[in-house]
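Student: Below: one structure in structure tokens.
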Amino acid sequence: MADVVSNVKKVGLEKYPRQGPRNIQYGTAGFRTRAEDLDYVLYRVGLLAVLRSKSKGGAAIGLMITASHNPEPDNGVKLIDPFGEMLQQRWEKFATRLANASDTELDSALLEIVEAESISWETQALVCVGQDTRPSSPGLAQAAVTGIRTMGGKVNDYGIVTTPMLHYFVACINNIGSAYSEPTEDGYFKKIITAFKKLRGDKPENGKYVPSVMFDGANGVGAMKLEAGLLHLHDSLQVQLYNNGTGQLNYKCGADYIKVQQCAPVGVPQKSNARCVSVDGDADRIVYYYIDTHDKFHLLDGDRIATLIAGYLMELIKKSDLGLQLGLVQTAYANGSSTSYISKTLKVPVACVPTGVKHLHHKAMEYDIGVYFEANGHGTVTFSDFATRCICSAAEDLSLPADQLHATETLATLMDVINQTVGDAISDMLIVETVLHARGWSIEDWEATYTDLPNRQLKVVVKDRRVIETTDAERVCVTPAGLQDQINMLVKNFPNGRSFVRPSGTEDIVRVYAEADTQASADRLALQVASVVHQLAGGIGSPPVPE
Ligand code: 16G
Ligand code: MG
14 MADVVSNVKK VGLEKYPRQG PRNIQYGTAG FRTRAEDLDY VLYRVGLLAV
64 LRSKSKGGAA IGLMITASHN PEPDNGVKLI DPFGEMLQQR WEKFATRLAN
114 ASDTELDSAL LEIVEAESIS WETQALVCVG QDTRPSSPGL AQAAVTGIRT
164 MGGKVNDYGI VTTPMLHYFV ACINNIGSAY SEPTEDGYFK KIITAFKKLR
214 GDKPENGKYV PSVMFDGANG VGAMKLEAGL LHLHDSLQVQ LYNNGTGQLN
264 YKCGADYIKV QQCAPVGVPQ KSNARCVSVD GDADRIVYYY IDTHDKFHLL
314 DGDRIATLIA GYLMELIKKS DLGLQLGLVQ TAYANGSSTS YISKTLKVPV
364 ACVPTGVKHL HHKAMEYDIG VYFEANGHGT VTFSDFATRC ICSAAEDLSL
414 PADQLHATET LATLMDVINQ TVGDAISDML IVETVLHARG WSIEDWEATY
464 TDLPNRQLKV VVKDRRVIET TDAERVCVTP AGLQDQINML VKNFPNGRSF
514 VRPSGTEDIV RVYAEADTQA SADRLALQVA SVVHQLAGGI GSPPVPE
């Protein structure tokens with residue numbers, strides 16, 4: 014062990030020396046910053062991935078190089094745990110510590126982790142590496158691979174893949190659940206698309222549902238991979254691909270752009286009432302939109318997707334009579350109307366957790382069937398082992414009444430369309446298409462299920478965003494003193510008013526969210542709350558003004 018670790022230190026010093034005194038944090042989305050500052054970080058994350066694999070008895074670990082929806086010059090990296098889920102929180106601290114160790118203390122920083130986790134050095138390690146389409150990704154992948162190999166680990170290099178595909182491969186390799194198949198791109202598409210086609214039957218059209226979508230690929234990996242997937246889809250769904258890599262990554266397109274700007278992406282032709290899909294740069298986020306005959310833009314975000322899927326699952330669960338418990342998980346950003354629709358109309362229990370996929374995912378796993386989505390379009394459905402067993406065995410019980418058997422078979426097949434490891438834009442799109450098809454709905458029918466409350470988000474720049482501490486799934490602010498009282502007072506003046514503030518996990522700012530009965534009220538409430546944040550939390554520059 015001593016030899017390896019001292020060699021790791023030597024190679025690091027020679028090839029990937031730490032640059033600058035700047036500290037970097039493993040946050041909600043791993044490490045993310047300008048690509049040119051990341052070489053040494055990738056080398057070190059490669060080292061950490063080997064330790065993580067050893068600590069998990071040699072299970073495969075994923076290492077994904079991407080900066081998701083960030084501009085092209087940025088990049089980042091995150092690790093994937095053996096079940097295909099996000100890296101355990103305790104290890105996020107190790108990642109931060111290792112990335113910020115000086116070159117000379119790299120060996121001791123590694124040994125500290127070995128000791129803290131009682132890692133058996135003899136255990137073999139396997140790391141699956143994936144990258145998005147950024148020009149900086151191959152060089153960073155090289156740094157990670159050097160780290161893994163110098164540390165004595167084995168590498169499975171998947172090249173360019175979507176983030177959720179890598180999560181899926183890791184789960185497949187580790188044989189997690191019977192629901193997974195071959196850990197290859199072909200295996201992935203075969204599994205989800207075969208199930209999708211089965212649910213569709215030989216009738217791709219139904220009522221007002223038309224089997225055709227326009228797909229905004231954010232000029233990232235999503236469009237590139239879906240192009241391969243289309244070979245499996247045949248006529249079951251026509252997908253017109255736009256922003257498929259010929260333009261600049263995430264520039265005026267993609268899920269993040271259209272959610273934040275509330276407008277259609279560039280690069281997708283305008284066609285009245287056509288169902289359009291927008292994914293982000295690494296294809297783990299999805300939103301839908303359409304432009305009506307009066308040129309008005311309509312967004313159907315993660316909340317809409319969650320309600321659509323939960324409503325359908327609730328119906329299938331009832332019909333299958335398996336007594337399974339369904340739950341839906343949201344964050345404070347979920348539109349208030351979506352929450353009341355879910356709990357009052359659909360009668361599905363709703364939980365609220367802090368922002369970040371890992372929080373939603375863990376909560377969802379507490380239910381037999383858990384649906385989770387962030388409003389920004391990150392989300393999926395999870396099935397407990399118990400639910401999986403119940404559904405799979407009932408689906409083979411030919412003695413069940415026809416209706417009940419059909420609902421159970423549908424649930425079983427739907428499970429195969431779903432990438433349960435993490436939100437997956439391609440798989441999520443196929444689930445949404447399945448539900449719309451089953452219901453015979455147009456995109457307007459889907460939108461008509463409830464009306465969103467008008468809302469507004471603002472950013473406030475402060476000296477140190479850590480002065481804001483929150484509780485109750487970020488809905489209540491505990492510090493600085495007095496801020497929450499002021500927010501409560503402001504909110505009271507607006508019918509259906511709701512507002513919260515939280516420090517961003519990815520940018521050096523505080524985020525403000527407000528919703529109310531009218532857009533003008535939501536705008537005013539957001540601005541007033543932003544002003545008190547600026548005042549009480551050490552705002553920098555002039556106080557916020559209307560845009
Ligand atoms: C990250 C999270 C996303 C969250 C966002 C919030 C993952 C994979 N991604 O992108 O879930 O919505 O951060 O950003 O967990 P913020 O903290 O800057 O608001
Ligand atoms: Mg993403």
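Residues in the sequence shown are numbered consecutively from 14, following the working numbering. A virtual CB, placed ideally from N, CA and C, is assigned to each residue, including glycine.
Let me make sure I understand the geometry here. Which of 28, 259, 377, 545 has the alpha-carbon closest to that of residue 116?
Tutor: 28
Student: Return the chain-ordered list of same chain residues with a C-beta closer than 6 Å to the C-beta of residue 380, the five sequence neighbours on each side being excluded.
Tutor: 338, 340
Student: Mind checking whether residue 478 and residue 516 have CB atoms under 7 Å apart?
Tutor: yes
Student: Measure from the alpha carbon of residue 76 to the alpha carbon of each residue in 360, 377, 62, 31, then state which is nearest.
Tutor: 62
Student: When the Cα atoms are used, what is the spatial distance from residue 366 to residue 20?
Tutor: In this structure, the straight-line span from the alpha carbon of residue 366 to that of residue 20 is close to 43 Å.
Student: According to DSSP, is residue 488 part of a helix, a strand, or is it coil?
Tutor: DSSP places residue 488 in the coil class of the three-state scheme, outside both helix and strand.
Student: Buried or exposed for residue 501, going by 16 or more other Cβ atoms inside 10 Å?
Tutor: exposed
Student: Evaluate residue 532 with the Cβ neighbour count: other Cβ atoms within 10 Å of its Cβ, from every protein chain shown; 16 or more gives buried, anything less gives exposed.
Tutor: exposed
Student: Grab me the residues of residue 518's own chain with a C-beta within less than 8 Å of its C-beta, minus the 5 sequence neighbours each way, in chain order.
Tutor: 40, 41, 42, 368, 369
Student: Confirm the yes/no value for this check: CB of residue 236, any heavy atom of the ligand 16G, distance under 6 Å.
Tutor: no
Student: Kindly indicate which residue of 128, 118, 133 has the alpha-carbon position closest to the one of residue 69.
Tutor: 133
Student: Could you check if residue 273 is buried or exposed, using at least 16 other CB atoms within 10 Å of its CB as the buried criterion?
Tutor: exposed
Student: Go ahead and label residue 196 buried or exposed: buried means 16 or more other beta carbons lie within 10 angstroms of its beta carbon, across all protein chains shown.
Tutor: buried
Student: In angstroms with no decimal places, state the Cα-to-Cα distance between residue 217 and residue 201.
Tutor: Answer to the nearest angstrom: the Cα atoms are 22 Å apart.
Student: Can you find the residues in the same chain that come closer than 8 Å, C-beta to C-beta, to residue 382, ignoring five residues on each side of it along the sequence?
Tutor: If we look at residue 382 and ignore the five residues flanking it on each side, its Cβ neighbours are 326, 330, 337, 338, 339, 340, 394, 395, 396, 397, 400.
Student: Could you compute how far the alpha carbon of residue 320 sits from the alpha carbon of residue 107?
Tutor: Near 37 Å, if we compare the C-alpha coordinates of residue 107 and residue 320.
Student: Let me check understanding here. Comparing Cα to Cα, which of 545, 489, 211, 386 lies closest to residue 447?
Tutor: 211
Student: Let me know the secondary structure DSSP gives residue 270 once reduced to three states.
Tutor: helix
Student: At a cut-off of 6 Å, is residue 298 close to the ligand MG when judged by its beta-carbon and the heavy atoms of the ligand?
Tutor: yes
Student: Of the choices 472, 269, 494, whose alpha-carbon is the least far from that of residue 387?
Tutor: 269
Student: Using a Cβ-Cβ cut-off of 7 Å (strictly less than) and excluding sequence neighbours within five positions of residue 168, which residues of its own chain qualify?
Tutor: 140, 142, 158, 161, 162
Student: Residues in the same chain with beta-carbon distance under 8 Å from residue 194, minus the five sequence neighbours each way, listed in chain order, please.
Tutor: Excluding residues within five positions, the ones whose Cβ falls inside 8 Å are 185, 200, 201, 203, 204.
Student: Drop a sphere of 10 angstroms on the beta-carbon of residue 484, count the other beta-carbons inside from all chains shown, and report buried for 16 or more, exposed for fewer.
Tutor: exposed
Student: Under three-state DSSP, which class holds residue 370?
Tutor: Residue state for residue 370 is assigned as helix, using DSSP reduced to three classes.
Student: Can you tell me which of 54, 67, 179, 152 puts its alpha carbon nearest to the alpha carbon of residue 130?
Tutor: 67
Student: Contact defined as beta carbons within less than 8 Å: I believe residue 60 pairs with residue 111. What is the distance between those atoms, to the nearest angstrom?
Tutor: 7 Å
Student: Going by DSSP in three states, residue 546 sits in which element: helix, strand or coil?
Tutor: helix
Student: When every heavy atom of the ligand 16G is checked, does at least one fall within less than 6 Å of the C-beta of residue 517?
Tutor: Correct: residue 517 has its Cβ closer than 6 Å to the ligand 16G.
Student: So, under 8 Å CB-CB, residue 551 and residue 489 are touching, yes? Tell me the CB distance rounded to an integer number of Å.
Tutor: Residue 551 to residue 489, Cβ: 20 Å. No contact.
Student: Suppose you measure from the CA of residue 74 to the CA of residue 98; what does that come to, to the nearest Å?
Tutor: About 10 Å.
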